[in-house]
Amino acid sequence: MPGTYPFRLLTESNANLFTQFTLAGWRVSGTCTSPWSKHQHVLRVSIRQSALTKFALWLMTTILPPRLARACIPTAWTLPSTVIVKKQKPQGKEEFTTELYTYNRLSALQGTQLPICYGEACCDGTRALVLDYVGGVSLLHRSALVETSEEQIKTMVLKAYGPIMDQGIAYDDWKPDNFHLVDGKIIFLDLEHAYDLNEDDREYAIKIGLGAFLERWKRARRQYERHGEIEC
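Its first residue numbered -11, the sequence shown is counted upward by one per residue in the working numbering.
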């Protein structure tokens, strides 16, 4: 039915599959799951650094001055233990390019309003983004639908959105599961439909975007109250 959400909590697969991706010429290996049923191109990867990589990292951080070490050590060696690898969707070249461009434009907001983007990679022969795993819960989770008021959600979204717009970017994919609630703050995900913002259109973009988000969020809350957990 259009405009509704499935009423089932997704149970993650216990299968941990081996995967590899290449980031800036360096191969990274680990195990992965695809825990979001509607987003099979998005993998959560637990990285396994080789003993040789760990030794090389230790050696370089020991013998080099900190600033030089930071400049010389490949990003692939210093990734956190868990990352998100988001592969380009079939027929999704333009969306992927937009998302990569937007992360670059909003580099100052990575780690606060947005996940950290570690760069463009290649996974399974496909372009991919390597992103920080932010944790938290989506805004379709009970804590966001039932335990948080509409005014609280609105305030948090606007607080996170303001700095993005200050950088000249508007957001245009206002599904509640595109946002995560992390330590009381909203993190924006899925930048595939972001666009450059004309400052004269700022108030209009806020009105349209927030209206679209609240309509979907309130619809999801009503459905949660009737049917229970919503699949993300």
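Here a beta-carbon is modelled for each residue, glycine too, at the ideal position from N, C-alpha and C.
Every value quoted in this text rests on a predicted model; they were computed, and no experiment measured them.
Should residue i be labelled buried (16 or more other beta-carbon atoms within 10 Å of its own) or exposed?
{"i": "Asn4", "result": "exposed"}
{"i": "Pro103", "result": "buried"}
{"i": "Phe(-5)", "result": "Residue confidence for Phe(-5) is low, a pLDDT of 38 falling below 50, so the modelled location carries little weight; the figure read from the coordinates is stated next. Result: exposed."}
{"i": "Thr143", "result": "exposed"}
{"i": "Trp205", "result": "buried"}
{"i": "Val170", "result": "exposed"}
{"i": "Leu56", "result": "exposed"}
{"i": "Phe201", "result": "buried"}
{"i": "Tyr(-7)", "result": "Because Tyr(-7) sits at a pLDDT of 43, beneath the cut-off of 50, its placement in the model cannot be relied upon, and the point is left open."}
{"i": "Ile51", "result": "exposed"}
{"i": "Tyr149", "result": "buried"}
{"i": "Tyr159", "result": "buried"}
{"i": "Gly197", "result": "buried"}
{"i": "Glu213", "result": "exposed"}
{"i": "Leu128", "result": "buried"}
{"i": "Phe9", "result": "buried"}
{"i": "Phe84", "result": "buried"}
{"i": "Gln140", "result": "exposed"}
{"i": "Gln101", "result": "buried"}
Return the first residue and the last residue of the alpha helix (DSSP H) that residue i is part of.
{"i": "Leu45", "result": "39 to 51"}
{"i": "Trp205", "result": "190 to 215"}
{"i": "Glu82", "result": "81 to 93"}
{"i": "Tyr106", "result": "It is not in any alpha helix (DSSP H) - Tyr106 instead sits in the beta strand (DSSP E) that spans 105 to 111."}
{"i": "Leu169", "result": "Note, Leu169: premise wrong, no alpha helix (DSSP H); beta strand (DSSP E) at 167 to 170."}
{"i": "Arg55", "result": "54 to 60"}
{"i": "Ser131", "result": "130 to 133"}
Is the beta carbon of residue j closer than 8 Å to that of residue i?
{"i": "Ile72", "j": "Val30", "result": "yes"}
{"i": "Ala12", "j": "Gly107", "result": "yes"}
{"i": "Leu179", "j": "Glu82", "result": "no"}
{"i": "Ala116", "j": "Lys147", "result": "no"}
{"i": "Asp240", "j": "Ile152", "result": "The structure shown does not extend to residue 240, since the chain is modelled only from -11 to 220, so the question has no answer here."}
{"i": "Thr49", "j": "Ser34", "result": "no"}
{"i": "Ser70", "j": "Arg32", "result": "The amino acid occupying residue 70 in the given sequence is Thr; Ser does not appear at that position. In contact: Thr70 and Arg32 (Cβ atoms closer than 8 Å)."}
{"i": "His168", "j": "Ser126", "result": "yes"}
{"i": "Thr21", "j": "Gln76", "result": "no"}
{"i": "Leu67", "j": "Gln155", "result": "no"}
{"i": "Ala109", "j": "Val122", "result": "no"}
{"i": "Tyr91", "j": "Gln98", "result": "yes"}
Assuming residue i and residue j make a contact with CB atoms under 8 Å, what is their CB distance in whole Å?
{"i": "Leu40", "j": "Trp65", "result": "No, Leu40 and Trp65 are not in contact; Cβ-Cβ is about 11 Å, not under 8 Å."}
{"i": "Cys111", "j": "Thr7", "result": "7 Å"}
Under DSSP, the beta strand (DSSP E) around residue i begins and ends at which residues?
{"i": "Thr114", "result": "114 to 120"}
{"i": "Gln8", "result": "5 to 11"}
{"i": "Gly150", "result": "From DSSP, Gly150 is part of no beta strand (DSSP E) but of the alpha helix (DSSP H) over 138 to 154."}
{"i": "Arg15", "result": "14 to 21"}
{"i": "Leu31", "result": "30 to 35"}
{"i": "Thr70", "result": "70 to 75"}
{"i": "Lys173", "result": "173 to 176"}
Contact between the stretch 172 to 192 and the stretch 202 to 214: three or more CB pairs below 8 Å?
Taking a contact to require three or more Cβ pairs closer than 8 Å, the stretch 172 to 192 and the stretch 202 to 214 do not qualify as touching.
Segment contact, 8 Å Cβ cut-off, at least three pairs: the stretch 125 to 142 with the stretch 153 to 172:
Using a C-beta cut-off of 8 Å, the stretch 125 to 142 makes contact with the stretch 153 to 172, since at least three inter-stretch Cβ pairs fall below that distance.
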